Structures are given as structure tokens and as C-alpha cells.
Amino acid sequence: MKDTIISLLDGAIVTLKHQGVLPNDIQAVIKVDPTKDKAHGDYASNLALILAKPAGKKPRELAEILIAALPQDAAVTKVEIAGPGFINFFAATTAAAQVVAQVLDCGDAFGRSLIGKGEKVQVEFVSANPTGPLHVGHGRGAAIGDCLCRLLEATGYDVTREFYYNDAGVQIRNLALSVQARAKGLGPEDASWPKDGYRGQYISDVADDYLAGASVAADDRHVTAKGDPDDLDAIQEFAVAWLRREQDLDLKAFGVEFDVYFLESSLYEEGKVEETVKRLVENGHTYEDAGALWLRTTAFGDDKDRVMRKKDGDYTYFLPDVAYHLNKWQRGFKTVINEQGADHHSTVTRVRAGLQALEVGIPQGWPDYVLHQMVMVTRSGVEVKISKRAGSYVTVRDLIDEVGRDATRFFLAARRADSQLTFDIDLARSQSNDNPVYYIQYAHARVCSMLRKTQDAGQDFDHDLALANLALLESDQEKAVMNRLARFPGVVENAAKNREPQQIAQYLLTLAGDFHTCYNAVKVMVEDDTLRNARLGLGLATRQVLRNGLDLMGVSAPEEM
RNA sequence: GCGCCCAUAGCUCAACCGGAUAGAGCAACGGCCUUCUAAGCCGUAGGUUGCAGGUUCGAUUCCUGCUGGGCGCGCCA
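Here the UniProt record's numbering is used: position 308 in the first sequence is 308, and no number is missing along the way.
Laid out in C-alpha cells, this is it:
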């Protein structure tokens, strides 16, 4: 429909250029948008406003000329000029109703597109170090990152989900020391407890399993405990595997799967870190000062230079980061999106600067970042800060256990990444109309119920009869639903392009609202076969889009509630 | 002090690369279940989009300055 209108307007411009009414050199990107207010018709274009200046005419006057030159089309019943010069189009019912046929025809594919042309995209998200269970912040990253991947897949990209983690640094040593302390019967209150040791209950669990000689299997490793409390390296190996498994279980419970787990240690083992240093030094972007090796990142927009190699000879985290991203580039990812907590935003400029200094043709501003702000969890209006499992933070699993996977995913992905999020446990777990997840799922279940009812009555849905009678869907409420359905592909495209998963959540809420309104206004189970089937067709199309949208968020679409 | 992000109804949040009268939900008030699931619907009320300027036909959206909040400013990650 939208495309039809664009081509009509295009036709008008061509005609007017021929007639000399419009200058030939005029270039216009024709924009047609669905209207917010149905008094403005179904679609509107600001073309006359855009062209007014180059055409040397007043907007409303130009709008009149454009309308006069508009080719006839059965899909458009009325065209009006409104406001400062908008051209409003009223779609014929039959034309608008075609979306129902289209949705039923496309099924799961409705809303999907090939915009990405199979281009490889890598999305790195979560990337938690294996030092504890995943916390809410990781949860937000997981929800946003996974939804983003689903959006990119739906728009035709070849997506790789990647999880990067450090399995060897100072913090991992700290983990091993903490487990060792527990294995030796020490607690945080003891004088010899490691400085900055991890205190959660899970540390004791790891220690117990280690002493018991347990085996753990994670996605990318399998380790059997040695049981010797004096062997710190063995403890470390076991602890990392144990927490990798723990995080695997967190992610599994959350319904997120990764294609690649990338180990920071592999960059050292394969000499990638050394290579990166060498390249940076050769390019003349480094210098030594106070026993450390520095990279002149200020030459690439950073506000201070950064240490690459500490005076003790170890590298800072920053260097493997650069090596890792070089690796991504070398794997052929022209588009890489890093989903991270905004508390790490300072790494963005740094990593990009390092990549520029490599001088290997990586574009400025590569890779892309999606940064999410902090999450605060509240219960009964009070911030929740502790969890038995992890000690000082709320875990993803705590939330899933308490409010369920659907609500957790929805709540964490339904807000813009760059605004702070308050996760209200009471709201998320309430089985009531306060809860937006249920509002959407209920709409889906309602259609399913409707379908069951007709089947019970021996009035099975007649697909052909429905499609032949879509013109009967005449009420304002039905039209509102149809117009909403028609917008879905555009919303998906936009959400993917802008990397904004929350747009899907928002869309689903409005679609569910349109549907509930329609449900109350228009009865589906009527005697008239043609009418009943047409309406049922609309219901089924709505169900399909709700399902497709929920699937993009990784949220289930229950058949009954 | 410097950098990044945010500020929209009493509360939680939307607003589709600048569009028409800024929208939902919750909370408040008034209605709707012998009829497809009331986890729903209809109606009423609620706003100087933090403040002050600027850009233009038009600004919640873009720019500048301020105020308030979050995060960061390690040879930690």
C-alpha cells in the first residue's frame, strides 16, 4: 500500500516535470508514513512541504498541483490536503485488507526481509568473565543482544553470536585464591582471606565440588577436579570450568545460545597479542615511559594515551581487546556490534583508536557499540542489592526463578538501552493486567481460544472464504488492526537498523491493544459464514504477527492462559 | 575538573532517519461479564516534553549554554 502511494506520487512528479510545472532538476525522496490519527487518512506524505522551496511554491498550493497530477488507483479512495500541506491518502478497505491475506500467506516469514543480503554480522554480548553467576546487568545485555541478533536474522543478515571472556587474568587468579581459601576452611572474616576475594555462596560450592573431585562440563570445556587444595592452578582450571557451566545454565534458562565462545587466553597462545604489539610498534604509534609501553591513542581521538604493557611485563586488558577485534575484522565481519554495559564505555574510543593505529584498513568508527545503562532491581518499592547465590548482586537466575523467563526477557529488552532501567519484581511477577507481557500474550491466547471455539462448533476456518471476503472488515477497529499489521515489517526493519529491540516491544503492546479493542467491539462468532471467516482471518493474522513479534524477543506465545 | 548517557502526565515508559492535536500502562474517578477468556474493553481527568536561547514552513527529536541524576576518568576488566 505504502509503495503504491509512493509510486503514485512519483508518477505525479514525472508528469509535472514534463509539463514544466516542476523544475527538471528537482530531486525528492518521497516519504509516505502511516498516520497517527485516522482523521488524517491511512497514509500521509510531506512531499509538498519538502518540495515547496525548490519548486518556488507555497506548500498547500503545490499539494493541490500534485494531487491533480496523481494517477488514478483503485487502492486509494480519497486524497486530501491538510495542515500546512500534508497530503493524506485514504485507502480502500479491500486494499487495506490485503494485509490479512499477506500475513496468512507468509506465516512465520511475515516481517522478515532480505535487506541484509546475507551479509555477515557479528554480535558480541554478555562477555562476562567466569568469576560468578550472571547478574542483572548481564541479563539486560543478554536480552538486548539476543533480540538484536533475532532482528538481524529476520532482516536477512548472517549473524554470529559471540561471547568473549577472560580466563586467565588477575581476576581469575583472584577467583582461584578465593576458592582455595574456602577449600581450606577460611571465610571472608579471617585475616588471611585474600584481598578483594569473591564472597558469594557459590565460592564455597566450587570449593566443595573441587575437594570432592567432581567433574564439570561447560559448553567449551570439561574438567575433573584434582581435589588438592594446595594446587592453585588446578583449582583455577576447575573454578573457571565450574563458573562457565554456571553461566551456561544461566543462559540456557534465559534461552540464549552462542555460536562462539572466544577465550582471551587463545590470543596469547596463538601469538596474536605479540603480533598486535609488533604492528603497533612498527607503525610508530608507541613509546616507552616509566618502564611501560604506551600507545599514542590521543592521535586517534582518545583523551589520554594508554598503557599497553605494564612495567611488570604483563599486558593491560586493552591490548588483547585490540587483538581480538583485529581477529574479528580478519574473520571478515564488516559489521560488528558490541553490546556492553555503559560502565565500560571508555573502552570504545580506546579500542577504536588501537584499531586505527594498526593501519590495516579498518574504517573509523568500527566496530559499532550498543551500550546499556544500569539496572536497578526493586521489590516492594525498595532496591534489592543482595542475593544468596552471588552475595552482593542480583543474578539473572534469581529473576528467572522468581518472575519467569518471558517476563525477565521482556522487561530487560523493552526499554531503550541508553536509559536506566528499574526492574520491578512485583510488577514482573504479577499475573494481572498491570503486566505488559501478559497483556500481549493474552491477546495471542484469545485468538487461539476463538479458533478452538469455532472448531468445537464445527465451523472450521475456511481460508479461501475468508480471503474472498476481506472487504467485510469495515469497522474502524478492524481497520486499525489491519493498519497496525501492515506496519510490522517496517517496524522490524527499523528496529534492526537502529539497533533498538524495544521498538518491537512497543509495537506488540499497541498491536495487542488494537486487538483487544477490536475483540470487544466486533464479535467474530456470527452465523454468517462469510463474515465469520473474514473476521477469523483477521484474528489469525493478528495472532501470527503477535507470535512473530514475540519470537523476535524470545518470548513465548501461549495458546491459552 | 574532564568525557559519555539520561531528563516527557502523580508513577513506569513510548513517540517510526524533524511532521499535523506528544501517546500507552499503572495509580484516581465513572461505566461494561445469562453473548468468542474481565489477564479484557469504554469514558473522565491528568503536560510550558528540566531551564534559556538558536537552526526552519515545522523541534520531544538537531545545535549551544545551564540545572539535576547515572556511569566512567587504574600500569583493573
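Beta carbons: idealized from backbone N, C-alpha and C, even for Gly. Here the structure is a predicted model, which is why all the values come from computation and not from measurement.
Item checked: Spatial neighbours of ASP158 in its chain, beta-carbon cut-off 6 Å, leaving aside the 5 residues before and after -> GLY118, LYS120
Next item on the list: Report the three-state DSSP secondary structure of GLU339 (helix, strand or coil).
Entry: strand
Margin query: Distance check for ALA241 and LYS328, CA to CA, integer angstroms please.
Written below: 25 Å
Next item on the list: Would you mind reading off the limits of the alpha helix (DSSP H) that contains HIS463?
Entry: It spans 463-468 - the alpha helix (DSSP H) in which HIS463 sits, taken as one unbroken run.
Check: Would you call the stretch 193-207 and the stretch 387-398 in contact, with 3 or more CB pairs under 8 Å?
Finding: When Cβ pairs closer than 8 Å are counted between the two stretches, the stretch 193-207 is seen to touch the stretch 387-398, the count reaching three or more.
Checklist line | Inter-residue Cα distance where the pair is PHE254 and ARG161 | finding: Distance between the alpha carbons of PHE254 and ARG161: 15 Å.
Checklist line | Assigned exposure category for ARG452 - 16 Cβ within 10 Å defines buried | finding: Exposed.
Next item on the list: Can you have a look at ARG331 and say buried or exposed, based on whether 16 or more other CB atoms are within 10 angstroms of its CB?
Entry: exposed
Note to self: If contact is defined by three or more beta carbon pairs under 8 Å, each pair taking one atom from either stretch, is the stretch 139-146 in contact with the stretch 463-482?
What the structure shows: no
Item checked: PHE238 in three-state terms, based on DSSP -> helix
Notebook entry, point to check: Out of curiosity, what's the CA-to-CA distance linking ASP167 and TYR324?
Noted result: The straight-line gap from Cα to Cα measures roughly 14 Å.
Check: Can you give, in chain order, each stretch of the alpha helix (DSSP H) that sits fully within the stretch 154-242 and has at least 4 residues?
Finding: 170-183, 201-211
Next item on the list: Buried or exposed for ALA340, please, with buried defined as at least 16 other CB atoms from any protein chain shown within 10 angstroms of its CB.
Entry: Note on identity: in this sequence residue 340 is Gln, with Ala being the wrong assignment. The residue in question, GLN340, is buried, as its Cβ has 16 or more Cβ neighbours within 10 Å.
Notebook entry, point to check: Terminal residues of the continuous beta strand (DSSP E) containing HIS135?
Noted result: Segment: none, HIS135 is in no beta strand (DSSP E) and carries neither H nor E.
Checklist line | Candidates GLU257, ALA154, THR542, of which the one nearest VAL99 by Cα | finding: THR542
Note to self: Please return the same chain residues whose Cβ sits closer than 7 Å to the Cβ of ARG350, not counting the five positions on each side in sequence.
What the structure shows: In chain order, THR297, ASP302, ARG306, PHE318 place their CB closer than 7 Å to the CB of ARG350, counting only its own chain and leaving out the 5 sequence neighbours on each side.
Notebook entry, point to check: How would you label GLN455, buried or exposed, when you count the other beta carbons within 10 angstroms and need 16 or more for buried?
Noted result: exposed
Check: How close, in whole Å, do the beta carbons of LEU546 and ALA557 come, if the pair is a contact with beta carbons under 8 Å?
Finding: About 6 Å separates the beta carbons of LEU546 and ALA557, which is inside the 8 Å limit, making them a contact pair.
Item checked: Local Cβ density within 10 Å of LYS2, reported as buried at 16 or more and exposed below that -> buried
Notebook entry, point to check: Under the three-state reduction of DSSP, which class applies to THR349: helix, strand or coil?
Noted result: helix
Check: Can ALA357 and LEU232 be called in contact, C-beta distance under 8 Å?
Finding: no
Next item on the list: Quick one: residues in its chain with C-beta nearer than 6 Å to the C-beta of ILE5, no 5 flanking neighbours on either side, listed in chain order?
Entry: Excluding sequence neighbours, ILE5 sits near VAL32, TYR43, PHE89.
Notebook entry, point to check: When you compare only the Cα positions, how much space is there between GLN102 and PHE110?
Noted result: Distance between the alpha carbons of GLN102 and PHE110: 8 Å.
Notebook entry, point to check: Anyone know if the C-beta pair for ILE87 and LEU51 falls short of 8 Å?
Noted result: no
Item checked: Cα-Cα separation, ASN338 to LEU371 -> Looking at the two C-alpha atoms, the distance is approximately 8 Å.
Checklist line | Endpoints, beta strand (DSSP E) assigned at LEU295 | finding: 292-295
Checklist line | Of the listed residues GLY56, GLY537, MET525, ASN435, nearest to LEU485 (C-alpha basis) | finding: GLY537
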